[in-house]
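Worksheet: the structure to be examined is printed underneath.
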Amino acid sequence: MKLAIIGMGIMGCKYAKMISDGQVTGVEITAVTRITPERKEGLKEIFENGTKIFETADDLFEAVGQKTIKVDAVLIVTPHLSHSKIAVNAMKLGLHVLCDKPAGAYSRQAREMCEEAGKHEGLIFGMMFNQRMNSMHQKIREIVQSGVYGTMKRVSWTITDWYRPDGYYASGVWRGTWDGEGGGILLNQCPHNLDLLQWICGMPVSVQAFCNEGKYHNIAVEDEVTAYFTFENGATGTFYSTTGEASGINRLEISMEDALLVYEKGELKVRELKVHEAEYRKTATDYFAQPEGEWKNITCEGTDLQHPGILQNFADAVDGKAELFVAGTEGTKSLMLANAMYLSSWKKQMVKLPENLEEEIAFETEYEEEFAKKV
Ligand SMILES: NC(=O)c1ccc[n+]([C@@H]2O[C@H](COP(=O)([O-])OP(=O)(O)OC[C@H]3O[C@@H](n4cnc5c(N)ncnc54)[C@H](O)[C@@H]3O)[C@@H](O)[C@H]2O)c1
Numbered sequence: 025m026k027l028a029i030i031g032m033g034i035m036g037c038k039y040a041k042m043i044s045d046g047q048v049t050g051v052e053i054t055a056v057t058r059i060t061p062e063r064k065e066g067l068k069e070i071f072e073n074g075t076k077i078f079e080t081a082d083d084l085f086e087a088v089g090q091k092t093i094k095v096d097a098v099l100i101v102t103p104h105l106s107h108s109k110i111a112v113n114a115m116k117l118g119l120h121v122l123c124d125k126p127a128g129a130y131s132r133q134a135r136e137m138c139e140e141a142g143k144h145e146g147l148i149f150g151m152m153f154n155q156r157m158n159s160m161h162q163k164i165r166e167i168v169q170s171g172v173y174g175t176m177k178r179v180s181w182t183i184t185d186w187y188r189p190d191g192y193y194a195s196g197v198w199r200g201t202w203d204g205e206g207g208g209i210l211l212n213q214c215p216h217n218l219d220l221l222q223w224i225c226g227m228p229v230s231v232q233a234f235c236n237e238g239k240y241h242n243i244a245v246e247d248e249v250t251a252y253f254t255f256e257n258g259a260t261g262t263f264y265s266t267t268g269e270a271s272g273i274n275r276l277e278i279s280m281e282d283a284l285l286v287y288e289k290g291e292l293k294v295r296e297l298k299v300h301e302a303e304y305r306k307t308a309t310d311y312f313a314q315p316e317g318e319w320k321n322i323t324c325e326g327t328d329l330q331h332p333g334i335l336q337n338f339a340d341a342v343d344g345k346a347e348l349f350v351a352g353t354e355g356t357k358s359l360m361l362a363n364a365m366y367l368s369s370w371k372k373q374m375v376k377l378p379e380n381l382e383e384e385i386a387f388e389t390e391y392e393e394e395f396a397k398k399v
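Okay, so the sequence shown: first residue is 25 according to the working numbering, each after it adds one.
What follows is the structure in structure tokens.
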């Protein structure tokens with residue numbers, strides 16, 4: 025697969041290195057856009073092999089259109105607000121697209137990418153949700169979705185290991201701004217968690233969130249979020265994340281009818297109840313006792329292939345050798361969730377997630393009106 029990497033900043037260069045180091049096979053970096061001399065020096069082996077440099081994505085697309093360069097696919101690693109325009113222009117040229125998270129800054133951008141992808145038969149459009157490659161995350165999803173412990177009652181996720189010092193926000197003019205990044209922790213760090221949350225537990229039906237802007241850093245966007253979700257079956261969820269708390273933890277709890285699952289520091293434990301709690305509740309005569317249960321450590325022999333895993337799967341899908349692991353359409357969900365959290369926080373009210381296209385479009389319009397007041 026002849027790949028062009030669009031956006032050679034921190035992450036774009038990391039992807040180039042993964043490919044040139046041989047962590048991904050069957051991929052040749054044919055072109056990159058906009059690279060600083062220092063970064064170019066660090067990747068000189070790819071340029072020795074003839075990789076071309078373009079200033080912008082548009083310059084690259086012009087060359088592809090004029091057939092002066094052969095490219096099969098693009099990897100988009102630019103600031104969030106530019107993802108959808110670049111993806112749509114690439115798709116119009118028939119190029120396969122792998123887009124880094126988030127799909128955009130607002131959900132209409134994600135929908136537009138999906139609509140364009142749908143117009144091109146056989147075009148592969150994937151999202152870089154590398155945390156789905158972690159077999160522990162896959163195991164948690166399998167447990168919850170199988171219903172082996174009954175339906176979900178509650179999910180709580182505390183994620184304070186996204187700590188960032190002030191220098192991080194100063195490292196790029198787009199960081200920590202509404203018009204550059206499109207948001208704060210919800211759009212930069214948490215897309216992974218919001219994606220996993222909806223992948224494991226399903227999409228919430230409503231959310232009430234509280235975002236604190238510039239609480240710990242001198243930034244316009246939020247660096248702390250607390251949210252409350254409801255799910256279709258009546259289950260509830262809480263979600264907390266910040267980039268300003270040290271001694272970070274990452275603890276996921278999922279309570280189901282017959283078990284409690286806890287995932288922390290890479291360890292997965294489940295407390296299986298010996299009786300059905302709902303029956304116990306109705307019949308127990310000891311008012312202060314609890315249903316008995318037993319903790320079990322869950323291990324899995326899988327892998328955690330992360331970014332190289334997604335890159336390899338994308339290349340294999342383009343080659344027709346594998347099914348795409350994270351379809352582009354998945355990008356809309358976590359982005360919509362993030363947008364709903366912002367809207368709720370700005371309007372100080374609970375927000376219902378759209379259930380159909382008509383509601384989606386109304387939601388997008390309302391979100392973009394409110395977003396415009398921030399930029
Ligand atoms: N999947 C992950 O684990 C992960 C981790 C970090 C960042 N990211 C994502 O990667 C993307 C980039 O983040 P970063 O930290 O590398 O940012 P960065 O600021 O280091 O790099 C962005 C690069 O894009 C370039 N750029 C901007 N507009 C462009 C255009 N129109 N055409 C070509 N190049 C353009 C900039 O010059 C810069 O080099 C973001 O979407 C971010 O959320 C993903």
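Yeah, the Cβ is synthetic: ideal placement off N, Cα and C, and Gly gets one too.
From a predicted model like this one, the values you see are computed outputs, not experimental measurements.
Hey, residue i and residue j: beta-carbon distance below 9 Å or not?
i, j, result
"ASN236", "ASP247", "yes"
"VAL249", "MET365", "yes"
"GLY191", "PRO103", "no"
"PHE149", "ALA351", "yes"
"ASN154", "GLN330", "yes"
"GLY196", "GLY208", "no"
"ILE278", "ILE322", "no"
"CYS324", "LEU292", "yes"
"THR260", "LYS376", "no"
"ILE164", "TYR173", "no"
"GLU392", "TYR130", "yes"
"CYS37", "LEU84", "no"
"LYS357", "ASP219", "yes"
"MET4", "GLY268", "Residue numbering for the chain in the displayed model covers 25 to 399; residue 4 lies beyond these limits and cannot be assessed."
"LEU335", "MET42", "yes"
Could you tell me the distance, in whole angstroms, from the CA atom of residue i to the CA atom of residue j?
i, j, result
"GLY238", "SER271", "20 Å"
"LYS26", "TYR240", "43 Å"
"ASN113", "GLY206", "21 Å"
"GLY142", "ALA283", "41 Å"
"ILE59", "GLU69", "14 Å"
"ARG135", "GLU384", "9 Å"
"ALA81", "THR389", "28 Å"
"LEU210", "ALA40", "26 Å"
"PRO215", "ALA362", "8 Å"
"THR75", "SER180", "46 Å"
"LEU381", "PHE255", "19 Å"
"PHE78", "ILE29", "10 Å"
"THR175", "GLU281", "6 Å"
"GLY373", "PHE395", "Going by the sequence as given, residue 373 is Gln instead of Gly. Taking the straight line joining both Cα atoms gives about 16 Å."
"SER108", "ILE273", "33 Å"
"GLY355", "LYS125", "7 Å"
"GLY171", "ARG295", "15 Å"
"MET157", "GLY226", "18 Å"
"GLU288", "PHE312", "29 Å"
"GLY317", "HIS300", "10 Å"
"THR262", "ASN73", "50 Å"
"LEU297", "ALA308", "15 Å"
"TRP202", "GLN314", "49 Å"
"PHE71", "THR327", "32 Å"
"VAL399", "SER44", "39 Å"
"MET137", "HIS144", "11 Å"
"GLU140", "THR182", "36 Å"
"LEU276", "ILE93", "47 Å"
"ASN212", "VAL56", "23 Å"
"GLY425", "ARG188", "No answer is possible for residue 425: the residues shown for the chain start at 25 and end at 399."
In the DSSP output, what is residue i paired with across the bridge?
i, result
"TRP181", "PHE263, LEU276"
"MET152", "ASP124"
"ASN321", "LYS293"
"LYS376", "SER230"
"GLU52", "LYS26"
"ASN158", "ASP328"
"VAL286", "GLU277, LYS293"
"MET176", "MET280"
"ALA351", "GLY150"
"LYS57", "In the sequence as presented, Lys is not what sits at residue 57; that position holds Thr. Answer by DSSP bridge pairing, in chain order: PHE78."
Comparing the C-beta of residue i with each C-beta of chain C, is any distance below 9 Å?
i, result
"HIS161", "In summary, chain C is missing from the structure at hand, where a single protein chain is found."
With a threshold of 8 Å, establish whether the CB of residue i neighbours any heavy atom of ligand 2.
i, result
"VAL88", "Of the ligands this structure carries, namely ligand 1, none is ligand 2."
If we count Cβ pairs, one from each stretch, closer than 8 Å, do we get three or more for the segment 114-129 versus the segment 86-104?
-> yes
Curious, which full-length alpha helix (DSSP H) runs of at least 4 residues does the segment 191-278 contain?
-> 202-205, 209-212, 215-225
Enumerate, from N- to C-terminal direction, the unbroken beta strand (DSSP E) stretches of 3 or more residues contained entirely within the segment 63-130.
-> 76-78, 97-100, 120-124
For the segment 40-55 and the segment 336-347, state whether three or more C-beta atom pairs, one from each stretch, are separated by less than 8 Å.
-> yes
Could you tell me whether the segment 362-376 touches the segment 217-231, where touching means 3 or more Cβ pairs closer than 8 Å?
-> yes
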